Amino acid sequence: MIVFDADEYLDKVQMPRILDNMIASGAIPPVTAAFVHNMDALSRGRELPANPDFADFLALELLPRLLRDTGLQADARRTVLAGSSYGGLAAVSAVLRHPAKFGNALSMSGSFWWHPSGTPASHEEFIARKIALGSELNTRFFLSAGLFEEGRDGHAGILRPNRHLRDVLQARGATVFHREYAGGHDYLVWRGAISDGLLALFGR
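Start counting the sequence shown at 1210; every next residue gets the next number (the working numbering).
If you want it as structure tokens, here you go:
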């Protein structure tokens, strides 16, 4: 398991405690987790939003290093990328780019409204458009969003693009688990969502 926004998921979400409790209760099998830090907000905004170079780094550099250090065997079906907001976008886009390495994406309030810099707002939901034009998928996705994450002032927001992405992924044959919560864009919601995502993808 590779989790983005390490500082927040280690401190605010207390991810190690969540994993320990879920493993101890038998809800999920043992998990090895790696947390990816951001140098600063600028690097986060450059690396996480559907950046193919970052996806390549995850698949071709970080994952081999983790497998070597832990002695684990590569198995895309048991490997998940997890993140929220831009991190959710990064998880889904990296799974799409490297499905032989990463078979699962766990996205919470993913920023799927996103479109590449320099393109018009009419190009929002770049990832969904790309998937719709692509081939069949054999990967699994957990997508969640808050019911209060509606768009405003002409912006698509979070909720509607997540629903649209769910539909597009399902149309392409992907397995999709979708949840919506009575909440907004915050770590309190994501603390519960990441547990639900792990149960959906790997629960016993």
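A virtual CB, placed ideally from N, CA and C, is assigned to each residue, including glycine. Computed from a predicted model, the values in this text were never measured in an experiment.
Setting aside the 5 residues that flank it on each side, Arg1413 is surrounded in the same chain by Gly1235, Ala1236, Ile1237 and Pro1238, each with a C-beta closer than 8 Å to its C-beta; the list follows chain order. Proximity of the stretch 1282-1289 to the stretch 1252-1261 falls short of the contact definition, fewer than three beta-carbon pairs being nearer than 8 Å. For the pair Glu1334 and Ile1340, the Cα-to-Cα distance works out to about 10 Å.
Using a 10 angstroms sphere on the CB of Asp1220, the tally of other CB atoms stays under 16, which defines it as exposed. Within the model, the alpha-carbon separation for Arg1388 versus Met1317 is close to 9 Å. Apart from the 5 residues on each side of it in sequence, Thr1384 sits with its Cβ closer than 6 Å to the Cβ of Arg1349 in its chain, given in chain order. The Cβ atoms of Gly1406 and Leu1315 lie closer than 7 Å to each other. Approximately 5 Å separates the beta-carbon atoms of Glu1358 and Leu1368; this is inside 8 Å, confirming the contact. By the CB criterion at 7 Å, Val1222 and Tyr1390 fall outside the cutoff. The stretch 1276-1330 contains, as complete beta strand (DSSP E) runs of 3+ residues, the segments 1289-1293 and 1313-1317 (chain order). For the options Arg1372, His1307 and Glu1345, the alpha carbon positioned closest to that of Trp1322 is the one of Arg1372. Taking C-beta atoms under 8 Å as the contact rule, Ser1293 and Asp1216 fail to qualify, at a distance of about 13 Å.
Assignment of beta-bridge partners to Val1212 by DSSP yields Phe1244 and Ala1291. For Ala1354, there is no enclosing alpha helix (DSSP H); the enclosing beta strand (DSSP E) covers residues Arg1349 to Gly1355. Under DSSP, Phe1386 forms a beta bridge with Phe1351. Burial check for His1307: the Cβ neighbour count within 10 Å reaches 16 or more, so the residue is buried.
Each residue's CA atom was taken as its position, placing Gly1355 and Asp1265 some 30 Å apart.
Excluding its 5 nearest sequence neighbours in each direction, Ala1409 has C-beta neighbours in its own chain below 7 Å: Phe1351 and Phe1386, listed in chain order.
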